[in-house]
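Report on the following structure.
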Amino acid sequence: MSIRPKEDVVLRMTPACHLITTAHGTSDLALAISLSTSLAQSVKTSTRITYGQVVVQYLRWCEEIGLPHHYRFPVGTNILSCFLTHDQDKRRASTSQQRTYALMHWHRVQKMPWALDASATRLLRRSAKLTALPALEKRRPVRLPDLQALREHADLSTPGHCAIWAAALFAFFAMCRPGEISVRTLNADTTDRARWSDFSFVASRGARNIASVVLKLPSEKVHGSAGFDRIVAQQRKMPELCPVVAFHQHQAANAPRPNEDATKTGAFSYITATEQRRELTDSYFIKTVNGWLHTAKDEHGVSPGAALQERPGYPGEPGVRSENREFTSPLPEYGADF
1 MSIRPKEDVV LRMTPACHLI TTAHGTSDLA LAISLSTSLA QSVKTSTRIT
51 YGQVVVQYLR WCEEIGLPHH YRFPVGTNIL SCFLTHDQDK RRASTSQQRT
101 YALMHWHRVQ KMPWALDASA TRLLRRSAKL TALPALEKRR PVRLPDLQAL
151 REHADLSTPG HCAIWAAALF AFFAMCRPGE ISVRTLNADT TDRARWSDFS
201 FVASRGARNI ASVVLKLPSE KVHGSAGFDR IVAQQRKMPE LCPVVAFHQH
251 QAANAPRPNE DATKTGAFSY ITATEQRREL TDSYFIKTVN GWLHTAKDEH
301 GVSPGAALQE RPGYPGEPGV RSENREFTSP LPEYGADF
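Residue numbering for the sequence shown follows UniProt numbering, beginning at 1 and increasing consecutively.
Listed below in C-alpha cells is the structure:
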C-alpha cells in the first residue's frame, strides 16, 4: 500500500515499536509521528518527495537482497555503504550524494542514529566522484534567437500558449527557474505557488522610463518562505520579445473571471478549450517549449531548473552557464532604457 501524500513517506516510515519508545518515550505511533513532523518539514515539500523516493528505493533494494527487516532501519554502516555503492558505476556522483542526504534526513526525522561519520561520508563521496559516470556536459544557455524560435511557433490565440509564452519570457528576463512559476503536478499542494494576486504592474513614468511587472514568489529555493520578488522590464527595442507585452496578452486571455478568486488562482494558469481553469505544470511547460524548439529545428532544450544564462551586455556572444541553475537573460535593453 502506497503512502499518500508522497511528501510524508520519510515521516511515516517509522522504525520498530521498541525503537520508537526509546526515541520518543512513547509507543503511541500517532504521537511519535506528530513529534517528528517539525523535523520532516525542515525541507521544502519537493525535497521531501524526492527524499521519500530514495527511501522507497532503499527498501526495495533490501527486498531484492533479502535483508532481514530488523537490519533495515536504522541502517548499519556496512549496509549503508553497500546501498550507496552497489550501482555506483551506473549513476552520477550527484545521485549518490542525494541518496546520502535523503537517508540521513530519514534517520534524523525518526531520531535514529546515523552510522556514517564525517570522514566516512567524505570517503564515499570521493569514491563516487572517481567511479561514477562522468558529469553531463553543460548545455549552452538560451539566447535571443531561441526566444524568437519560440515566438514563431506559439499560437497566441490559444490561452494556454499565451500563458506558456508569458512564463518563458518572465523566466528569461526575471532570471528565475521555470519551476518557480509553475506547479509540479495538477494535484500537488499549491499553497506556495505564485498567484494572480501576486502580480503588480508598474506603469512607465515619462518618456525616458519603462514599465515593469513584479511577481512576488511566496516561496523561493534560496530565500525559503520569505519569498522573493521577480521583476521584468519593458523591452522597447524588441517588442516582439517584451515580457511586459506578453504579460498583458496573458492577462487578456487568462485573467481570473468574476467567479474566480485571484488569491487562489495560479499566476500562469490558463483557460482550456472547455473553459476550465488549469494550472501550468512544469512538465506541460517544458514539453510545449521543447516542442516549439524542435519544430524550429533548434537543438536547445530547457528543464524546470535549467541554467540558461547569456553573458550580460553581449547578446551576440556565447553565454556562460551559472552555477545556481537559473533560467536567466542577457538583459540587452535595461541599460539603454534606463
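Even glycine gets a Cβ: it sits at the ideal position worked out from N, Cα and C.
Cβ neighbours of residue i in the same chain (closer than 7 Å, five flanking residues each side left out)
| i | result |
| --- | --- |
| Thr26 | Ala32 |
| Thr288 | Ile164 |
| Leu39 | Arg108, Val109 |
| Gly227 | Lys216, Leu217, Pro218, Ser219, Glu220 |
| Ser46 | Arg184 |
| Phe285 | Ile164, Ala167, Pro178, Ser182 |
| Tyr71 | Ile79 |
Nearest-angstrom Cα separation, counted from residue j out to residue i
| i | j | result |
| --- | --- | --- |
| Val183 | Ile271 | 16 Å |
| Ser2 | Val10 | 12 Å |
| Phe173 | Ala233 | 8 Å |
| Asp261 | Arg193 | 14 Å |
| Leu156 | Thr265 | 21 Å |
| Asp229 | Leu103 | 34 Å |
| Arg92 | Leu67 | 25 Å |
| Val54 | Met238 | 46 Å |
| Asn78 | Tyr58 | 14 Å |
| Gly207 | Ile181 | According to the sequence provided, residue 207 is Ala. The question's Gly does not apply to it. So the alpha carbons of these two residues sit roughly 31 Å apart. |
| Gln251 | Val75 | 52 Å |
| Pro178 | Ser283 | 10 Å |
| Ser197 | Asn254 | 13 Å |
| Pro218 | Gln249 | 24 Å |
| Ala154 | Pro5 | 35 Å |
| Ile49 | Gln41 | 11 Å |
| Glu7 | Arg205 | 47 Å |
| Ala296 | Thr185 | 28 Å |
| Val142 | Arg99 | 31 Å |
| Arg125 | Gln97 | 7 Å |
| Asn187 | Arg277 | 13 Å |
| Ala267 | Cys162 | 12 Å |
| Cys62 | His18 | 21 Å |
| Glu240 | Thr263 | 30 Å |
| Asn259 | Val43 | 35 Å |
| Trp114 | Phe199 | 45 Å |
| Lys111 | His69 | 18 Å |
| Leu133 | Asp28 | 45 Å |
| Pro304 | Phe83 | Reliability of the predicted coordinates at Pro304 is poor, the pLDDT of 46 falling under 50, and no value is obtained from them. |
| Asp117 | His294 | 48 Å |
| residue 354 | Ile65 | Limits of the chain in this structure are 1 at one end and 338 at the other, which puts residue 354 out of reach. |
Nearest neighbour of residue i, chosen from the options [CA to CA]
| i | options | result |
| --- | --- | --- |
| Trp292 | Ser197, Gln53, Pro145 | Pro145 |
| Asn209 | Ala267, Thr22, Gln235 | Gln235 |
| Ala23 | Val109, Glu279, Thr295 | Val109 |
| His86 | Thr131, Asn187, Trp114 | Thr131 |
| Leu35 | Thr47, Ile20, Val43, Thr45 | Ile20 |
| Lys90 | Thr281, Arg257, Asn187, Lys129 | Lys129 |
| Arg257 | Leu241, Glu275, Glu240 | Glu275 |
| Glu279 | Ile65, Glu240, Arg195, Cys17 | Arg195 |
| Thr158 | Ala273, Cys17, Asp28, His18 | Ala273 |
Close-in-space but distant-in-sequence residues of the same chain around residue i (CB under 6 Å, 5 per side omitted)
| i | result |
| --- | --- |
| Phe73 | Pro15 |
| Tyr51 | Val10, Ala102, His105 |
| Ser81 | none |
| Val213 | Phe201, Val232, Val244, Phe247 |
| Gly160 | Tyr270 |
| Arg12 | Ile3 |
| Leu169 | Pro243, Ala246 |
| Ala211 | Ala203, Ser204, Gln234, Val244 |
| Thr37 | none |
| Arg60 | none |
Interface flag, residue i vs chain C, CB-CB below 9 Å
| i | result |
| --- | --- |
| His250 | Of the chains in the structure shown, none is chain C; there is only one protein chain. |
Closer than 8 Å: residue i CB and nearest the ligand ZN heavy atom
| i | result |
| --- | --- |
| Cys82 | As for the ligand ZN, it is missing from this structure, which has no ligand bound. |
Close beta carbons around residue i, own chain, < 8 Å, minus the five adjacent residues each side
| i | result |
| --- | --- |
| Ser127 | Thr85, Gln88 |
| Val56 | Val9 |
| Thr281 | Ser182, Val183, Arg184, Thr185, Leu186 |
Cβ contact (3+ pairs, closer than 8 Å) linking the region 110-121 and the region 142-149: no
Runs of beta strand (DSSP E) lying entirely within the region 96-131, each at least 3 residues, in chain order: none
Length at least 4, wholly inside the region 271-295: the alpha helix (DSSP H) runs in chain order: 282-295
Sequence ranges, alpha helix (DSSP H) only - wholly within the region 55-98, length at least 4: 77-85
Secondary structure, alpha helix (DSSP H): runs of 4+ residues fully inside the region 195-273: 243-254
Segments assigned alpha helix (DSSP H), at least 4 residues, entirely inside the region 132-192: 144-153, 159-173
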